[in-house]
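Student: In the working numbering, the protein residues as written are 442 to 567.
In this text, a Cβ means the ideal position worked out from N, Cα and C, and glycines have one as well.
1. Output the boundary residues of the beta strand (DSSP E) element that contains residue 470.
2. Among all the DSSP beta bridges, which residues are the ones paired with residue 478?
3. Please determine if the segment 444-457 and the segment 478-488 are in contact, where contact requires at least 3 C-beta pairs separated by less than 8 angstroms.
4. Would residue 495 and residue 531 be called neighbours here (beta carbons separated by less than 7 angstroms)?
5. Which residue wins for smallest C-alpha separation from residue 448, given the options 491, 501, 512?
6. Going by DSSP, what residue range makes up the beta strand (DSSP E) through residue 624?
7. Where do the ends of the beta strand (DSSP E) carrying residue 511 lie?
8. Please classify residue 452 as buried or exposed, where buried requires at least 16 other C-beta atoms within 10 Å of its C-beta.
9. Within the continuous alpha helix (DSSP H) that includes residue 492, where are the two ends?
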């Protein structure tokens, strides 16, 4: 339910994408799905790197929340999330098989194809 709230608010936090139609977003959301911080870039990896860096600079932690990415989910994005201590990663498009494997080994909850027909790949604790 929190992921649905964040998805509904996603466009409000994407001014670069609204202007160009060609930017990815990465957001940190609280446990209720409110967007706490957002970053954009033409590259999905760069957007997530910017978000993690901004969190570090501002002293923010995940605090029971999650990351929301406007892209597909690759192994590398899951690896970055795991290394950053992110407990849950939500992506609007599909996850690769390697991303699923890495999420499972890291204990990271992964939600991909996040939309009305969302597919949840979860850990037993969720």
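Tutor: Well, looking at it:
1. By 1-based counting over the chain shown, the position of residue 470 is 29. 465-470 is the span of the beta strand (DSSP E), which, as asked, contains residue 470.
2. As a position in the chain shown, residue 478 is number 37, starting the count at 1. Its beta-bridge partners are 469.
3. yes
4. On the chain shown, position 54 is the one that residue 495 refers to. On the chain shown, position 90 is the one that residue 531 refers to. The answer is no: Cβ separation not under 7 angstroms.
5. Counting from one through the chain shown, the residue named residue 448 turns up at place 7. When each option's Cα is compared against that of residue 448, the closest is 512.
6. There is simply no residue 624 to check, as the chain begins at 442 and stops at 567 in what is shown.
7. Numbered from its first residue, the chain shown carries residue 511 at position 70. Note, residue 511: premise wrong, no beta strand (DSSP E); not H, not E.
8. Within the chain shown, residue 452 is the residue found at index 11, counting from 1. The residue in question, residue 452, is exposed, as its Cβ has fewer than 16 Cβ neighbours within 10 Å.
9. Against the chain shown, residue 492 aligns to sequence position 51. It spans 485-499 - the alpha helix (DSSP H) in which residue 492 sits, taken as one unbroken run.
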